[in-house]
């Protein structure tokens, strides 16, 4: 299994980003529903409309079960999607996804 140190060695971080600070294995988790209390795996399903588009549904029922189905935020560096580990933060000039597991930050500027 590849680790963050192996994958990002010698790389340069982009603006508003910080490369991982800890060497952890890179995960390849399945997308999990972000709805509070719903830890079910989700998949995309074609909508069947004229324009090719897809929507997220629960893998076990192929339905949304009455709530918004969207994948949990995951770390761009180590792949974890644990809700207690990956955080979305808003700052004055940028928004960022920060990971407590690897210490990486993926940020992007926001307009004024």
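Numbering (this note's numbering), first residue to last: 8 to 119. We put the CB at the ideal spot given by N, CA and C, even for glycine. These numbers come from a predicted model, not from an experiment.
**Message:** Is it buried or exposed, residue 17, if we count other Cβ atoms within 10 angstroms and call 16 or more buried?
**Reply:** exposed
**Prompt:** Taking contact to mean at least 3 C-beta pairs separated by less than 8 Å, is the region 25 to 32 in contact with the region 104 to 119?
**Reply:** yes
**Request:** Give the secondary structure of residue 87 by DSSP, where H, G and I count as helix, E and B as strand, and everything else as coil.
**Result:** coil
**Asked** Among 64, 83, 35, 95, which one has its Cα closest to the Cα of residue 20?
**Response** 83
**Request:** Write down every uninterrupted run of the beta strand (DSSP E) in the region 56 to 116 whose length is 3 residues or greater and which is fully enclosed by it, in chain order.
**Result:** 61 to 65, 93 to 97, 101 to 106, 112 to 116
**Message:** Taking only three categories from DSSP, how would you classify residue 11?
**Reply:** helix
**Request:** Scan the region 28 to 56 and note each continuous beta strand (DSSP E) run of 3 residues or more that stays entirely inside, going in chain order.
**Result:** 49 to 53
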